[in-house]
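Have a look at the structure below, then the notes.
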Amino acid sequence: MGKKKLLIVESPAKAKTIQRYLGKDFIVKASMGHVIDLPEDEFGVDIEKGFKPKYVTIKGKDKVLKEIRKAAKEAEEVFLATDPDREGEAISWHIANALKRIKKDGIYRVRFHEITKKAIQEAVKNPDKIDENKVYAQQARRILDRIVGYTISPLLSRRFKKALSAGRVQSVALRLICDREEEIRNFVPKEYWTVEEVFVKEGKDFPAKLFAVDGKKLDKFDIPDEKSAEELVKRAKEASFKVTRVERKERRRKPQPPFITSTLQQEASRRFGFPAKLTMQIAQQLYEGIDLGNERVGLITYMRTDSTRVSDEAVEEVRRFIKEELGEEFLPKTKRSYEGKTPKTAQDAHEAIRPTSVYRTPESVKKFLTPEQYKLYDLIWRRFVASQMKDAVFNTVSVDIEGGGLTFRATGSTLKEEGFLKVYPIEFEEKLLPDLEEGDKVVLKEVKGVQHFTEPPPRYTEGTLVKALEEEGVGRPSTYATIISNIIQRGYVKKEKQKLVPTELGEFINSLLKKLFPKIVDVKFTANIEEELDKIEEGKKDWKELLSEFYFGEFKGLLEKAEKELKKLKGEEIGRECPECGAPLLKIHGRFGTFIACSAYPECKYKESSAEEPEKTGEKCPECGADLVIKSGKYGRFIACSAYPNCKYTAPFTYGKCPKCGEGDIVERRSKKGKKFYGCSRYPDCDFTASQPPKGDGK
């Protein structure tokens, strides 16, 4: 019996699925993602030696790497089957180096975009080599992010005594959110009016809007106020009306392309309110493999992609499915192609996101899926099937009605052919008009002026932020979920009714970065970096050249200048004077929260407890009846009276009853070294402690 072969993937779930396909000749091991990276506790990049990275085994991954090394020694051949993207290529490269087989025979790179028996077996039969250009592109990205994160973040944290972070791409995402908030804040509503009528023809009512006055088409603000609107209403009441134009035509609506990473995140956010991170987690599960009773199979193709391309085999299968299951009347004569719909920044390395087999309908696998998995699979399946179906066709009618120099326009539409809407419904409203012909007289039933105001641009949701980042060419679709998650977790952004709102701290960091590091938060500059990384992957640019242009071109000088500027900066001026000495008051972002203090410190020690609106508990102060709020202090969160300093009532912030004694409350504490932990309020009578609070919001 010969030696076995070793195949290495990233996740245990994927390993479990693939092992079933490859049988006893293979050992399948999971690397659990990256095993080697830059060190956590030091910079790890020697800039003077051509940006030479220092790679170390990631903490906690020694055991995983030891198992891989042992299995590789016993294997005749090693197949590196990490994810088919830049990051996956880098993981394979690191593992090959760790096995000391990077330049030797018997080590192969295999890539598959769907986890099905056929795809896996085909990939193993046709192995490839590691694409070093992809590795260099990923290495350049990693070092760029390390340079930014490891220089700016500590600089801010040292100055403001708070763990602040300034990632290369996350800073641009934060800027987009802050800029939108500033637009909203500075927005001045503008009034405008419309004149709307209800006409009657043969007992049937239908609405129409004023479209033109004395032959001149109305612009949005041509009726600026109530007086202007009432003059037109008066003219309409005095006029008699007849139909002067009837235009009937067909309007076709084409299906959308199958999903790419960014559009999947946008649609899941819009339809289900899924955060981008959750969407990617569920998609990963569907890709890696689901147990369907008699088989374990990946239900969708690789979910990190920015290409709308679909294989000929998959197109043939879905067209066959449409013909057999839906009917030939839903199938276009020729297949649809979406190559032109791929974003200009796309790497086009993979197919679009689609079901691995369209015959695995959502209903047939529903009992094996969680509710969230079913929702996402159903969405992906329907979008893909719809993408190869016929257009939806609407009958539309547009009618002009004139009288007294006023032209009103009425429109209607009805669905003529369902087409792709049978599988992928979208919102539309059918509007029926009575049968109207040119010359018909109609009766005015009602006319009124309607007041409107322009509205500010909406705040971003996760979905619309993803769309903005993609349109600007910032980052990669695979990174969006992490970017959004980071700025929320770090307290720079909060979610209010699914909308992303910058916090006071987030706006402060953004204004600071715009002032000190304008290039880092410049959208176009960050998008240009992505294009340069693409050139490295294509073999058209050296990775060291990009890093040198970035660091020595401008960044190093900005860093030195920022260090000097920050030494002089105590905080943000808020436009108020100190009530004790008259010096400007500053907003300070410290280790234990945001507060307002006098700029003349230490000569003047005036201080206000908090610059942010404290969170209300929903309860009243037992001493004065004012609202109780949650505040943060040196020793953690606590409950206080909102009427402070007139009322000094305080109480500990608790996380429910102690699970050990059942009498005391769990409160936040700090050790002598300042480390946070949670313990029983009855200490020392009860010695219960924990590193994390019990589940619940606390009180």
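With the UniProt record's numbering applied, the sequence shown covers 1 to 699. Note that beta-carbon positions come from the ideal geometry of N, C-alpha and C, so glycine has one too.
Length of the line joining the Cα atoms of E329 and T396: 22 angstroms
Top-ranked residue by Cα proximity to I509, from V442, I177, A276 and Q138: I177
Alpha helix (DSSP H) runs contained entirely in the stretch 66-98, provided each spans 4 or more residues: 86-98
Residues of its chain near K249, where Cβ-Cβ distance is below 7 angstroms and the 5 sequence neighbours each way are ignored: T396
Under 7 angstroms between C-beta atoms of S485 and K277: yes
Inside the stretch 434-475 only - beta strand (DSSP E) runs reaching at least 3 residues: 441-453
Neighbour-count burial assignment, R251, 16 or more Cβ in a 10 Å radius: Exposed: under 16 other Cβ atoms inside 10 Å.
P684 - containing alpha helix (DSSP H), residue span: Per DSSP, P684 belongs to no alpha helix (DSSP H) and is neither H nor E.
Residue span of the alpha helix (DSSP H) that contains N395, given as start and end: Careful: N395 lies outside any alpha helix (DSSP H), inside the beta strand (DSSP E) at A392 to G403.
For K564, the three-state DSSP class (helix, strand or coil): helix
Environment of G698 [buried if 16+ CB atoms lie within 10 Å]: Bear in mind that the predicted position of G698 carries a pLDDT of just 43, short of 50, making it too unreliable to give a figure here.
Burial state of R304 (16 or more Cβ within 10 Å): By the neighbour-count rule (16 or more Cβ atoms within 10 Å), R304 is buried.
Three-pair Cβ contact test at 8 angstroms for the stretch 118-135 versus the stretch 78-92: yes
DSSP-derived helix/strand/coil call for G625: coil
Helix, strand or coil at C178 according to DSSP, with G and I counted as helix: The answer is helix: DSSP assigns C178 an H, G or I state.
Reduced DSSP secondary structure (H/G/I, E/B, other) of D25: helix
Residue range of the alpha helix (DSSP H) that includes G419: Per DSSP, G419 lies in no alpha helix (DSSP H) and is assigned neither H nor E.
Where L628 falls, given that 16 or more other Cβ within 10 Å makes a residue buried: buried
Beta-bridge pairing of F259 - partner residues as DSSP gives them: When beta bridges are read from the DSSP output, F259 appears opposite I353.
Pairwise C-alpha distance: T261 and C680: 46 angstroms
When R354, C658 and R158 are compared against L264, the one with the closest alpha-carbon: R354
Host beta strand (DSSP E) of Y551 (start-end): Looking at the DSSP string, Y551 is not in any beta strand (DSSP E), and its letter there is neither H nor E.
Any alpha helix (DSSP H) of 4 or more consecutive residues that is wholly inside the stretch 250-302: 261-272 and 276-288
Own chain residues within Cβ distance below 7 angstroms of K544, not counting five before or after: G50 and F51
Cutoff 6 angstroms; reference K190; Cβ partners in own chain excluding five residues on either side: Contacts found: T454.
Assumed close pair V172, T594 - CB separation to whole angstroms, cut-off 8 angstroms: Contact flag wrong, Cβ pair sits at about 24 angstroms.
Option nearest K431 by Cα separation, candidates D205, L500, K3 and I47: D205
Distance CB(I58)-CB(D85) smaller than 7 angstroms: no
L533 versus G656, I143 and R111, residue with shortest Cα-Cα distance: I143
Beta-bridge pairing of Y492 - partner residues as DSSP gives them: In DSSP, Y492 forms no bridge with anything.
Helix, strand or coil at A239 according to DSSP, with G and I counted as helix: coil
Reference K29; option with closest CA among A583, Y492, V45 and P12: P12
Beta carbon of R476 nearer than 7 angstroms to that of S165: No, these two residues do not count as a Cβ contact at 7 angstroms.
Through-space distance from E114 to P315, alpha-carbon basis: It is worth fixing the name first, because residue 315 is Val in this sequence and not Pro. When rounded, the distance between both Cα atoms is 15 angstroms.
E573 versus A481 - alpha carbon distance: 34 angstroms
Opposing strand residues paired with Y192 [DSSP bridges]: H452
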